[in-house]
């Protein structure tokens, strides 16, 4: 009896998964048709429904970003492109469209420079992303372990295992440092973008505090702290202030 119940549950869940996948495919195809017809709002609605069901891939967010951009929603398009690149840092189409969407932001706030070496390091670590460097880190440790085992067993009279050991150690250090940098930037930092046309950046969390800057749609920043209705943000030039939550979408 228990086996029959388990079989029925598995059958029902499988049927539900197949139906859900088919439904998502229908939404996807409809969204593409809406986009081709210039009905970008409907395309956005369909892509959003797929995301709300728990599905996530770079192509989905890339298409959503294109739909938002064509609908004139610059902030949301930047958010969607960055979400696509968060999943797949090597998606060149999303990177190109992201830079183009950013060109429509009127703030033009330059990122605070950390120096030539740090900027070069950040750019290089973005090429493979966290997952890529973690894979390299894992492979390097297998190389280390294999080389060390060979040396301990029978490699005392040969020099090449020692070279492999040194190579594995160098790669492990490099990949570990790159992974740590991507974890700090991608996982430990919370980023946001303005989706309202303008938003006051104030000294404190509320309208009673002095306005220190005005941000415009598409402005990107790091979120440092959250209050009930406000975010403490840090702009690329180092300026810190508070904005209302309803003007922001978290990346």
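Numbering (my numbering), first residue to last: 30 to 280. Note that CB positions come from ideal geometry on N, CA and C, so glycine has one too. Computed from a predicted model, the values in this text were never measured in an experiment.
Annotation note: the region 227-262 contains the following uninterrupted beta strand (DSSP E) runs of length 3 or greater, listed N- to C-terminal: 227-231, 240-245 and 249-255. A Cβ-Cβ distance of about 7 Å is found for the pair residue 249 and residue 220, placing them in contact under the 8 Å criterion. Partner residues in a beta bridge of residue 161, as assigned by DSSP, do not exist.
By the Cβ rule, the region 78-98 counts as touching the region 52-64, because three or more pairs are nearer than 8 Å. For residue 135, no alpha helix (DSSP H) encloses it, and the DSSP letter there is neither H nor E.
DSSP places residue 101 in no beta strand (DSSP E); its state is neither H nor E.
Counting only runs of 4+ residues, the alpha helix (DSSP H) found wholly inside the region 163-226 occupies 189-211, in chain order.
Of all C-beta pairs linking the region 158-168 to the region 271-280, fewer than three are shorter than 8 Å, placing the two stretches out of contact.
Shown here, residue 94 sits in a helix according to DSSP, grouped into three states. By the neighbour-count criterion, in which a residue is buried when 16 or more other Cβ atoms sit within 10 angstroms of its Cβ, residue 106 is buried. Here residue 280 carries a coil assignment [DSSP, helix/strand/coil]. If you check the CB distance, residue 231 and residue 241 come in under 9 Å. Bounds of any alpha helix (DSSP H) do not take in residue 269; it lies within the beta strand (DSSP E) bounded by 269-273.
Distance between residue 181 and residue 197, taken at the CA atoms: about 16 Å. Per DSSP, the unbroken alpha helix (DSSP H) holding residue 75 starts and ends at 69-81.
Per DSSP, reduced to three states, the secondary structure at residue 87 is helical. The beta carbon of residue 228 is closer than 6 Å to those of 244, 272 and 276 in its chain, skipping five residues each way along the sequence. Taking all protein chains shown into account, residue 208 has 16 or more neighbouring C-beta atoms within 10 Å of its C-beta and is therefore buried. Around the beta carbon of residue 112, 16 or more other beta carbons sit within 10 angstroms, so the residue counts as buried. Each residue's CA atom was taken as its position, placing residue 132 and residue 247 some 9 Å apart.
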